[in-house]
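Undergrad:
There are 2 protein chains.
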Amino acid sequence: MLPAAQFAMAAADIHHRTPEFRAMYQRVLGQLRAFIGSKNDVILMAASGTGAMEASVSNLTSPGDRVLVLTAGKFGERWTALTKAFGCQVDVVTAPYGQTFALDAVRAALKPDTRAVYMQATETSTGARHDVAAVAELLRSAKSEALLVVDAITGLGTTHLEIDEWGLDVVIGGSQKAVMIPPGLAYLSVSERAWQRMETTKNPRYYFDLRRERKSAANGESAYTPAVALIAALGAAFDYIAGQAGGDLAIGRDTLIDNAETCAAMTRAALPAMGLRLFAPDAPAAAVTAILPPEGVDSGVIVKEMKTRFALTLTNGQGEMKGRIFRVAHLGYFDPLDTLAVIGALEQVAHDTLKTPGFKLGAALAAAQQILSARTKQLTATRQ
Amino acid sequence: MLPAAQFAMAAADIHHRTPEFRAMYQRVLGQLRAFIGSKNDVILMAASGTGAMEASVSNLTSPGDRVLVLTAGKFGERWTALTKAFGCQVDVVTAPYGQTFALDAVRAALKPDTRAVYMQATETSTGARHDVAAVAELLRSAKSEALLVVDAITGLGTTHLEIDEWGLDVVIGGSQKAVMIPPGLAYLSVSERAWQRMETTKNPRYYFDLRRERKSAANGESAYTPAVALIAALGAAFDYIAGQAGGDLAIGRDTLIDNAETCAAMTRAALPAMGLRLFAPDAPAAAVTAILPPEGVDSGVIVKEMKTRFALTLTNGQGEMKGRIFRVAHLGYFDPLDTLAVIGALEQVAHDTLKTPGFKLGAALAAAQQILSARTKQLTATRQ
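Chains F and W, in that order, give the protein sequences.
The number in the numbering used here is simply the position in the first sequence, starting from 1, with 1245 added.
The number in the numbering used here is simply the position in the second sequence, starting from 1, with 1245 added.
Okay, structure coming up:
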């Protein structure tokens, strides 16, 4: 967690129906729009990301509506469960875990009466990146009336999303990922088309009623009691991100994305020397790298060794992927030097625990260093 | 906000799918049960109190179900709006703002097919206390199958609620009230009868699906990403509350309630000397005292003077009550000496701004002091 955010959170002891809170709330909403990079209204809510996912279903659909879910992992499956829970008629395009969808399959599944398409920008459970721009283009060229809803909870700040240019109707983010503060806040950017849809949709919503929140935000407040401390932390995180980029949050966001891309590329380059393989080699996300352990090794062994020997928290696979992969996050506060440290620890585990045949200590680090050097030159050239 | 909770929140930088988090989560859930004083399962969620209110509607009802709402203020009206949003057929017993319901009216409105009764323990918008025990007894004696759902967001820790003895099916609390931490966490105790009801109810729910949370809690986790920092803060607040009471959270809760009752009684006693009147004289809550300004005075003037001269945050009336009342909270961290300070400031405003006829500085404080002395003697005698 970002230290400045920790202190802001601890210090934010203000009542939420006061001018002080309204000033802070408006400021953070403005920062959020700049960070997301959209002219659309942004709604902030006291909930984790799944709450915002629910809001994008309960507000945008009526029971019986046909929707299309693109899924290739646990979070894609959450879209299926959510849209079914709210009575939608759900078409599903599935790709195997670790892969992304074939656009032809998406095109074939899109029907004239498809009301909304739900997808992830990056599938956290598998480390795969989905091609949001291509799906948006497909919807546009098909003159579809379907709203495009993107869960970018781990995507925002780790992958480029041109919300307005691509025409993304709803983009969902959370607090605990690239913006480096504790979980408990979720947010959505909502397009004018999506606001119009809400005039007629009939699924029940109250706590997650986006139109009510929009109306309250126009008065500088939240509809229900807001998560004051987390909002203060979010403001401090945005101050930090902007501060690292001469005060420009959009540049700060791009810097964060470059940082995640660099850390992810370093991690990918480090794997072969240690006998480890990428789980999503075709479309790897920058948010998180999912890694296959050597044949016959439970990934939990690696997660446990990293924790007990080095106090590093990697994550195991979720659900049926447990034991089959492990995941390294590249979100927010982690930088290339942290990545070297993680790779250094993984080298120790590969050497001492996995006893990877032919592995020489330092080989994975050397591969990562090559990437860091090349990326640094490339980014420096781009910025000049 | 409780300082120990501020530090715990800032320090709680742990991932939520780790043994560390599971240990903390289980510990806090145990503390929560002890604090609430019920054997029922307790569910904790990342949301403000209204989210838990929604959960008690979406999980316990089906569209078309007949429910009874008891309302005498803004939060009672929220029950009406919520149950209507989820398609219930809503009977309403209304009492005027500042009053509580006649039990005969409740009895008359209860039908054989009433599936649930929704009420507040204390109506924060008017400072009135409702007789939860009497409503519970009425349901029991009528052999009603209606579940009793109590919004105790400001009631927990300020008024006695014997959840198991009275048979309260769902009792809802929040983080920012008596437990003195920032908003963003809500919780519910859920009776076995209520769990059974969920087997057949048909309203859509996903993020607030209580059965899913119960299942995850049995594995030591939350179903969705939890508000980690706020959970750590809640644990620290319970440690503090228990620590003040020899390690016993139940005694700590009773001490909190006694404290709120004392502060509220002191405040009530102080009003007449300053020409101020109680808005809910017949059933005043200990959580908050709602006060009528002198005839012809906008209550906002008093709120503003208290803020600008003394940096004290009182709250104005909500909605149509704005300008007509102001409210003093007695929650959690406020103690009798803080109450003396608030009364002292109110005296200054009464003297200098309201120019209350015949008011002598110190008269309101003297009245409050009498109460404090008497209550202290009474509580000391009770505890010996």
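By construction, the Cβ of each residue, glycine as well, lies at the ideal position given by its N, Cα and C atoms.
Just so we're clear, the structure is a prediction, and the values are computed from it rather than from any experiment.
Only counting the same chain, and skipping five residues up and downstream in sequence, which positions put a Cβ closer than 7 Å to that of methionine 1566 of chain W?
TA: In the second sequence, residue 1566 of chain W corresponds to position 321, counting from 1. Answer for methionine 1566 of chain W: Tyr1342 and Ser1370, listed in chain order.
Undergrad: Using a Cβ-Cβ distance under 8 Å, would histidine 1261 of chain F count as near chain W?
TA: On the first sequence, residue 1261 of chain F is found 16 positions in, with the first residue counted as 1. Yes, its Cβ sits closer than 8 Å to a Cβ of chain W.
Undergrad: Run through DSSP, which three-state label would leucine 1521 of chain W get?
TA: Mapped onto the second sequence, residue 1521 of chain W falls at position 276. Note: leucine 1521 of chain W maps to coil in three-state DSSP.
Undergrad: So which residues of chain F does phenylalanine 1252 of chain W contact, with C-beta pairs closer than 8 Å?
TA: Along the second sequence, one-based indexing puts residue 1252 of chain W at 7. Under the 8 Å cutoff, chain F gives Ala1255.
Undergrad: What is the rounded straight-line gap between the Cα of proline 1308 of chain F and the Cα of proline 1471 of chain F?
TA: Numbered from 1 along the first sequence, position 63 holds the residue referred to as residue 1308 of chain F. Numbered from 1 along the first sequence, position 226 holds the residue referred to as residue 1471 of chain F. Each residue's Cα considered, the two are about 29 Å apart.
Undergrad: Under DSSP, the alpha helix (DSSP H) around alanine 1378 of chain F begins and ends at which residues?
TA: On the first sequence, residue 1378 of chain F is found 133 positions in, with the first residue counted as 1. Its alpha helix (DSSP H) spans residues 1377-1386.
Undergrad: Mind pulling the chain F residues with CB within less than 7 Å of tyrosine 1469 of chain W?
TA: For the purposes of this step, residue 1469 of chain W is taken as the residue at position 224 of the second sequence. Those within 7 Å of tyrosine 1469 of chain W in chain F are Ser1293 and Thr1295.
Undergrad: At least one CB of chain W closer than 8 Å to the CB of tyrosine 1270 of chain F: is that the case?
TA: Counted from its first residue, the first sequence places residue 1270 of chain F at position 25. So no, tyrosine 1270 of chain F is outside the interface.
Undergrad: Would you tell me roughly how many angstroms separate the C-alpha atoms of alanine 1317 of chain W and arginine 1554 of chain F, rounded to the nearest one?
TA: One-based indexing of the second sequence puts residue 1317 of chain W at position 72. One-based indexing of the first sequence puts residue 1554 of chain F at position 309. Their Cα atoms are separated by approximately 59 Å.
Undergrad: Counting C-beta neighbours from all protein chains within 10 Å, is the total for aspartate 1409 of chain F 16 or more, i.e. buried, or is it exposed?
TA: The residue labelled residue 1409 of chain F in the question sits at position 164 within the first sequence. Classification of aspartate 1409 of chain F: exposed, given that the 10 Å Cβ count is below 16.
Undergrad: Can you tell me the Cα-Cα spacing of alanine 1255 of chain F and alanine 1481 of chain W, whole angstroms?
TA: Residue mapping note: residue 1255 of chain F aligns to position 10 of the first sequence, counting from 1. Residue mapping note: residue 1481 of chain W aligns to position 236 of the second sequence, counting from 1. Taking the straight line from one Cα to the other gives about 13 Å.
Undergrad: With alanine 1391 of chain W as the anchor, note down where its beta strand (DSSP E) starts and where it stops.
TA: To locate residue 1391 of chain W, count along the second sequence from 1; it is residue 146. Element bounds for alanine 1391 of chain W: n/a, residue is neither H nor E.
Undergrad: Just to confirm the assignment, what range does the alpha helix (DSSP H) spanning tyrosine 1270 of chain F have?
TA: Position 25 of the first sequence, counting from 1, holds the residue named residue 1270 of chain F. Tyrosine 1270 of chain F -> alpha helix (DSSP H) spans 1264-1281.
Undergrad: Could you say which of F/Pro1581, F/Thr1621, F/Thr1627 and F/Lys1600 lies nearest to leucine 1610 of chain F if we only look at CA atoms?
TA: For the purposes of this step, residue 1610 of chain F is taken as residue 365 along the first sequence, with counting starting at 1. When only C-alpha atoms are compared, the closest one is F/Pro1581.
Undergrad: Over what stretch of residues does the beta strand (DSSP E) that includes arginine 1572 of chain W continue unbroken?
TA: Translated into positions along the second sequence, residue 1572 of chain W becomes position 327. First-last of the beta strand (DSSP E) with arginine 1572 of chain W: 1571-1574.
Undergrad: Under 7 Å Cβ-Cβ, which residues of chain C neighbour glutamate 1299 of chain W?
TA: Of the protein chains in the structure, F and W, none is chain C.
Undergrad: Kindly identify the DSSP beta-bridge partner or partners of proline 1529 of chain W.
TA: Residue 1529 of chain W sits at position 284 when you count from the first residue of the second sequence. W/Ala1373.
Undergrad: Return yes when the Cβ of threonine 1399 of chain F is within less than 8 Å of the Cβ of leucine 1576 of chain F, no when it is not.
TA: Position 331 of the first sequence, counted from the first residue, corresponds to residue 1576 of chain F. Position 154 of the first sequence, counted from the first residue, corresponds to residue 1399 of chain F. It is a contact, given that the beta carbons lie within the stated cut-off.
Undergrad: Which residue or residues does DSSP assign as beta-bridge partners of methionine 1290 of chain F?
TA: Start at 1 with the first residue of the first sequence, and residue 1290 of chain F comes out as number 45. F/Ala1431, per the DSSP bridge assignment.
Undergrad: Expressed to the nearest angstrom, what Euclidean distance is found between the alpha-carbon atoms of isoleucine 1303 of chain F and glutamate 1458 of chain F?
TA: On the first sequence, position 58 is the one that residue 1303 of chain F refers to. On the first sequence, position 213 is the one that residue 1458 of chain F refers to. Rather than isoleucine, the amino acid found at residue 1303 of chain F in this sequence is serine. Using only the alpha carbons, I get a separation of about 14 Å.
Undergrad: So what does DSSP say about valine 1546 of chain F, is it helix, strand or coil?
TA: Here residue 1546 of chain F is taken as the residue at index 301 of the first sequence, counted from 1. Note: valine 1546 of chain F maps to helix in three-state DSSP.
Undergrad: Figure out for me which residue from W/Val1594, W/Ala1353, W/Val1337 and W/Leu1383 has the closest Cα to the Cα of tyrosine 1363 of chain W.
TA: Residue mapping note: residue 1363 of chain W aligns to position 118 of the second sequence, counting from 1. Checked all of W/Val1594, W/Ala1353, W/Val1337 and W/Leu1383; the closest Cα to tyrosine 1363 of chain W is W/Val1337.
Undergrad: Figure out for me which residue from W/Met1551, W/Val1542, W/Ala1510 and W/Glu1550 has the closest Cα to the Cα of threonine 1534 of chain W.
TA: What you label residue 1534 of chain W is simply residue 289 of the second sequence in a count that begins at 1. Ranking W/Met1551, W/Val1542, W/Ala1510 and W/Glu1550 by Cα distance to threonine 1534 of chain W puts W/Ala1510 first.
Undergrad: Give the range of the beta strand (DSSP E) segment to which tyrosine 1342 of chain F is assigned.
TA: As a working mapping, residue 1342 of chain F is identified with position 97 in the first sequence. Unbroken run through tyrosine 1342 of chain F: none, as it is neither H nor E.
Undergrad: Within the same chain, show all residues whose beta-carbon is closer than 6 Å to that of alanine 1515 of chain W, passing over the 5 residues directly before and after it, in chain order.
TA: By one-based count along the second sequence, residue 1515 of chain W stands at place 270. So the list reads Ile1588, Ala1609, Ala1612 and Ala1613, once near-sequence residues are dropped.
Undergrad: Taking the Cβ atom as the reference point for each residue, do leucine 1392 of chain F and alanine 1463 of chain F lie within a distance shorter than 8 Å?
TA: Reading the first sequence from its first residue, position 147 is the one you call residue 1392 of chain F. Reading the first sequence from its first residue, position 218 is the one you call residue 1463 of chain F. Result no, Cβ atoms of leucine 1392 of chain F and alanine 1463 of chain F do not sit closer than 8 Å.
Undergrad: Does any C-beta atom of chain W lie closer than 8 Å to the C-beta of valine 1473 of chain F?
TA: For the purposes of this step, residue 1473 of chain F is identified with residue 228 of the first sequence, where counting begins at 1. So, interface residue.
Undergrad: Is methionine 1246 of chain W close to chain F? Criterion is C-beta to C-beta, closer than 8 Å.
TA: Reading the second sequence from its first residue, position 1 is the one you call residue 1246 of chain W. So, interface residue.
Undergrad: Residues of chain F with CB closer than 9 Å to the CB of alanine 1330 of chain W, please, in chain order.
TA: Within the second sequence, numbered from 1, the residue matching residue 1330 of chain W stands at position 85. Residues of chain F passing the Cβ test: Pro1449, Arg1450, Tyr1451 and Asp1454.
Undergrad: Can you tell me whether proline 1602 of chain F is buried or exposed? The criterion is at least 16 other CB atoms within 10 Å of its CB, across all chains shown.
TA: Sequence index remark: in the first sequence, residue 1602 of chain F carries index 357 (1-based). Exposed, since its Cβ has fewer than 16 Cβ neighbours within 10 Å.
Undergrad: Have a look at F/Pro1539, F/Leu1433 and F/Ser1436 and flag the residue whose alpha-carbon is nearest the alpha-carbon of phenylalanine 1571 of chain F.
TA: The count along the first sequence starts at 1 and reaches residue 1571 of chain F at position 326. Of the candidates F/Pro1539, F/Leu1433 and F/Ser1436, the one whose C-alpha sits nearest the C-alpha of phenylalanine 1571 of chain F is F/Pro1539.
Undergrad: Mind checking serine 1386 of chain F: buried by the 16 CB within 10 Å criterion, or exposed?
TA: Stepping through the first sequence from its first residue, residue 1386 of chain F is reached at position 141. So serine 1386 of chain F ends up on the exposed side.
Undergrad: So leucine 1401 of chain F contacts chain W; which residues on that side make the cut at Cβ distance below 8 Å?
TA: Position 156 of the first sequence, counted from the first residue, corresponds to residue 1401 of chain F. Neighbours of leucine 1401 of chain F on chain W: none; closest Cβ ~15 Å, over 8 Å.
Undergrad: Give the single residue among W/Arg1352, W/His1375, W/Leu1383 and W/Ile1486 whose Cα lies nearest to the Cα of methionine 1425 of chain W.
TA: Indexing the second sequence from 1 puts residue 1425 of chain W at position 180. Nearest C-alpha to methionine 1425 of chain W: W/Ile1486.
Undergrad: Note down, in chain order, every chain F residue with its Cβ under 9 Å from the Cβ of glutamine 1421 of chain W.
TA: Indexing the second sequence from 1 puts residue 1421 of chain W at position 176. Those are His1261, Thr1470 and Val1473, listed as they occur along chain F.
Undergrad: Just checking my contact of phenylalanine 1280 of chain W with leucine 1494 of chain W at CB under 8 Å: how many whole Å lie between their CB atoms?
TA: Position 35 of the second sequence, counting from 1, holds the residue named residue 1280 of chain W. Position 249 of the second sequence, counting from 1, holds the residue named residue 1494 of chain W. Right, their Cβ atoms sit about 5 Å apart.
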